[in-house]
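Below you'll find the structure, written out as structure tokens, and then a few comments.
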Amino acid sequence: MEIQDKILALREELTQHNYNYYVLDNPTISDFEFDLKLKELKRLEDENPIFFDVNSPTQRVGGMVTKNFPTIVHEFRMYSLDNSYSVEDLQEWEKRIEKALGEKVEFVCELKYDGASISILYENGQLTQAVTRGDGTQGDEITNNIRTIQSIPLKLKGNYPERFYMRGEITIPLNTFASINKERANNGLELYANPRNTASGSLKLQDNTEVAKRGLQCFPYYFIGNNLPYTTQWEMLQAADELGFKIPHTSKLCTSLEEVLAFVDYWDNERKNLPYETDGIVIKVNSFSQQDELGYTAKSPRWAMAYKFKAEAAETELLSIDYQVGRTGAITPVANLAPVSLAGTIVKRASVHNEDIIKKLDIRIGDIVYVEKGGEIIPKIVGVNTDVRQPETAEIEFIKNCPSCGTALIRKEGEAQHYCPNENGCEPQIIGRLEHFVSRKAMDIESIGGETAVLLHKANLLNNIADFYTLQKEDILPLERMAEKSAQNIINSVEKSKEQPFERVLYAIGIRHVGETVAKKLVKHFQHIDRLMHATMEELVSVTDVGEKIAISIKEYFKEEQHQIIIQRLRDYGLNFEIGEEAKPISDSLEGKTFLFTGTLTKFTRNEAQKMVEDHGGKNISAVSKNLNFLVAGDKAGSKLKKAEEIGTVSILTEDEFLIMING
């Protein structure tokens, strides 16, 4: 028992020293003394494996190799943020918020650290799982690597929620990044481009001993879970500090937009003195009940905005323009540039988007152009230095024919892009649709990546998406780099893809303007492909997030005989074209009825309430109008309740009355 006590005491002492050093930036012993104690603990643990603990400080240094990182679906989606680049954007955002809520709001301003987002699950105070952001819906499980990051607590202090996810940003301090590159230079290795990409890449290293060497840090920015004991973002940040997380004490609670703008101005200059890269300010509505009421768009929370600092710009020569053909036939002009260093990377190409942008900027071959990274990620041309333009330079003539198949391009009224209409004879479109179909967000056919899809197409085995389900192993085996196992894996993956739900299939078939979010909304509303195929314009635009442009695209897609044939083939092969039994409404008792929830809800969360409505055939809408049947008002209901009372035709329910309506 004496050995166990010694091990436990050493673990507790070293954990406290780690916290002092990595979280508080206030070490109380020397590195030499710490290393001696750590070696003593490791010796005792090696000699007494019965006392192994995954949360021991000795496990922070690595020693595990992960060959594959399993894909995990996020229990709570990780949304992206809308970006703002001007004061006017922020003012408009504040007006929209206050109009929706009918009351003033407080804001919390936090620095937007430039790194990689992570979602970490804590259960009963212990770190149990860590998943990358991925596409926001699912990511890679990297728990073993995250455990090596010293500023992330393996066990929480104080009064912690029983189960919650900590959302945070993984970064590399600038001095650490410089040291890594210095070592690489000494070893004759290529230097890393920037801390953000290096942090992101470090999270997926197979040997977590190497991850431990990278000096990664983590800054929490949100907790999410069911029935968490916090009412505001500010309260949550203070609690995170007490639980043992590393909180940068740069955030501010602001009672007005003027205070927000003062915070932005201060950090626009002061950020140059920070030990980390930051590319902006994240501004959040402080009250969680107000956040809940504001809700989300298809991609972003309505209650948060990222104000991006002015992007770094550079001058370089425009050498030429290429024209790329997308899977839907859209033509995108891409500028080829003389290589130039920009925000830590060498930029050689930049998107010009469409003909209107070319004319608006009046860019010409040979011009010296100004290049920025949009949101400091995607390079774009933002202007021309006309003072040095050569007089003989000619305006750019946008191409008239497809650069791949030569077909005359079309441009529909009201649209910015040109399109190649040769859907079945244009190689980039065919390949693009095949690659889209097998992609992770679509059918997720694991053994067929983009290169394999191209290989199968070149062998004349795939000409459209339905052909995937006619593949035979004996046809695949003769192809380059194909062995028995590889060929069988392809056949197995294709067969397994038949299990994908209707919403994935609808997204995968590649209807123009129908992304994964719109596909989900369409599936929930129509439930069966036949209802969708024969839907009227009025029925389509009644679906949330489906406007006239998307509705026209859907109608045009299903009108084509070739698309009808492909859909029928996919149905015959066994793909899902109707909603699964588990996703169907429990009843139709609320059929044709519309609901809206306002105020602070105590009997259920807003998401739970909206799901109950949908489970019984009802529809949730986002605003009070004559189309609203029922307003369910919680505590402190504001402008929505008042407006509903003024309309007079809206039935106002308490939470208990709503539950009675649901349960009968």
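By full-length UniProt numbering, the letter at position 363 of the sequence shown is numbered 363, and the numbering carries on one by one without gaps.
C-beta: ideal position from N, C-alpha, C; glycine also.
Heavy atom of the ligand ATP within 8 Å of residue i beta-carbon
i, result
"K441", "Within the structure as shown, the ligand ATP is missing, as the structure has no ligands at all."
Simplified DSSP state of residue i, which is helix, strand or coil
i, result
"R167", "strand"
"residue 689", "No information on residue 689 is available, as it lies outside the stretch 1 to 664 that the chain covers here."
"residue 666", "Here the chain covers residues 1 to 664 and nothing more, so residue 666 does not appear."
"G366", "coil"
"G115", "coil"
"residue 679", "Nothing about residue 679 can be reported from this structure: the residues present for the chain run from 1 to 664 only."
"L462", "coil"
"F398", "coil"
"A262", "helix"
"T255", "coil"
"T470", "helix"
"E98", "helix"
"E376", "At E376, the pLDDT of 47 sits below 50, so the modelled position is not reliable; the number obtained from the coordinates is stated separately. Three-state DSSP puts E376 in coil, outside helix and strand."
"K155", "strand"
"N286", "coil"
"I120", "strand"
"P301", "strand"
"H528", "strand"
"L228", "coil"
"V108", "strand"
"N627", "coil"
"G634", "coil"
"P57", "helix"
"L8", "helix"
"I660", "helix"
"N620", "strand"
"P220", "strand"
Short Cβ contact (9 Å threshold) for residue i with residue j
i, j, result
"I430", "N463", "yes"
"T368", "V388", "The identity of residue 368 in the sequence shown is Ile, whereas the question assumes Thr. In this structure, V388 lies closer than 9 Å to I368 by Cβ."
"V371", "L361", "no"
"T137", "R77", "yes"
"E40", "I118", "no"
"L156", "Q126", "yes"
"K524", "E614", "yes"
"G225", "F164", "yes"
"M612", "I660", "no"
"F597", "G634", "yes"
"I357", "I399", "no"
"V514", "I579", "no"
"G383", "L318", "no"
"Y160", "L237", "no"
"S493", "I445", "yes"
"E392", "A100", "no"
"E423", "S404", "no"
"A416", "E516", "no"
For residue j and residue i, the rounded distance between their alpha carbons
i, j, result
"E376", "D279", "Residue placement at E376 is poorly supported in this model, since its pLDDT is 47, which falls under 50; the coordinates still yield a value, given next. Roughly 8 Å between the two C-alpha positions."
"K6", "E183", "38 Å"
"S86", "V518", "29 Å"
"R96", "Q291", "13 Å"
"F69", "I142", "6 Å"
"E259", "I172", "30 Å"
"R512", "F245", "44 Å"
"G574", "Q16", "58 Å"
"F51", "E45", "7 Å"
"F177", "N197", "11 Å"
"M305", "L274", "22 Å"
"E312", "L205", "30 Å"
"A576", "H528", "It is worth fixing the name first, because residue 576 is Asn in this sequence and not Ala. About 9 Å."
"V438", "A508", "8 Å"
"D656", "R569", "49 Å"
Supposed contact pair residue j and residue i - C-beta distance, whole angstroms, cut 8 Å
i, j, result
"A116", "S200", "4 Å"
"I321", "I396", "6 Å"
"E12", "L253", "Contact doesn't hold; Cβ gap of about 34 Å is too wide."
"M537", "Q500", "Going by Cβ atoms, the distance from M537 to Q500 rounds to 28 Å, so no, they are not a contact pair."
"L174", "Y266", "Wrong, their Cβ atoms sit about 20 Å apart, outside the cutoff."
"L257", "E94", "5 Å"
"L628", "I652", "Not confirmed; about 10 Å, so no contact."
"A350", "A335", "5 Å"
**Q.** beta strand (DSSP E) segments (min. 3 residues) lying fully within the stretch 586-618
**A.** Fully enclosed beta strand (DSSP E) runs of no fewer than 3 residues occupy 594-598 of the stretch 586-618, in order along the chain.
(Q) Quick check for students: name the residue ranges of the beta strand (DSSP E) that lie wholly in the stretch 318-369, counting only runs of 3 or more. (A) For the stretch 318-369, the full-length beta strand (DSSP E) segments reaching 3 residues or more read 331-342, 345-351 along the chain.
(Q) My parser needs the alpha helix (DSSP H) runs of 4 or more residues fully inside the stretch 403-490; what are they? (A) The qualifying runs are 427-438, 450-458, 473-476.
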